[in-house]
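For the sequence shown, this note's numbering begins at 1 and goes up steadily by one. Here is the structure we will look at, set down as structure tokens.
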Amino acid sequence: MALNLSVPESTELRPRILVFGVGGAGGNAVNNMIDAELEGVDFAVANTDAQAISRSKAQRRIQLGASITEGLGAG
């Protein structure tokens, strides 16, 4: 059985980087990185606090435990 390997045709190979901030501190860190205009990085945040999520600059936002915390922080 032969094993056929090939090199991708794209000459520009780059890693895909996703920074995932969790909680208030993680959300603040993500906002600071977005303000620093890092290139080639995607951002996501997760939090129980609905207000903190609405203030996030990340495009991907996940609210955790919405029915348990009713949008409030867990701390």
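Where is the CB? At the ideal position from N, CA and C, for every residue including glycine.
Across the set Ser67, Ala74, Asp42, the C-alpha of Ala74 shows the shortest separation from the C-alpha of Asp49. Linking Ser67 to Arg14 through their CA atoms gives a straight-line distance of about 39 Å. Rounded to the nearest whole angstrom, the C-alpha separation of Thr69 and Gln63 is 10 Å. The alpha-carbon of Asn4 is positioned some 40 Å away from that of Gly21. For Arg55, the enclosing alpha helix (DSSP H) covers residues 50-55.
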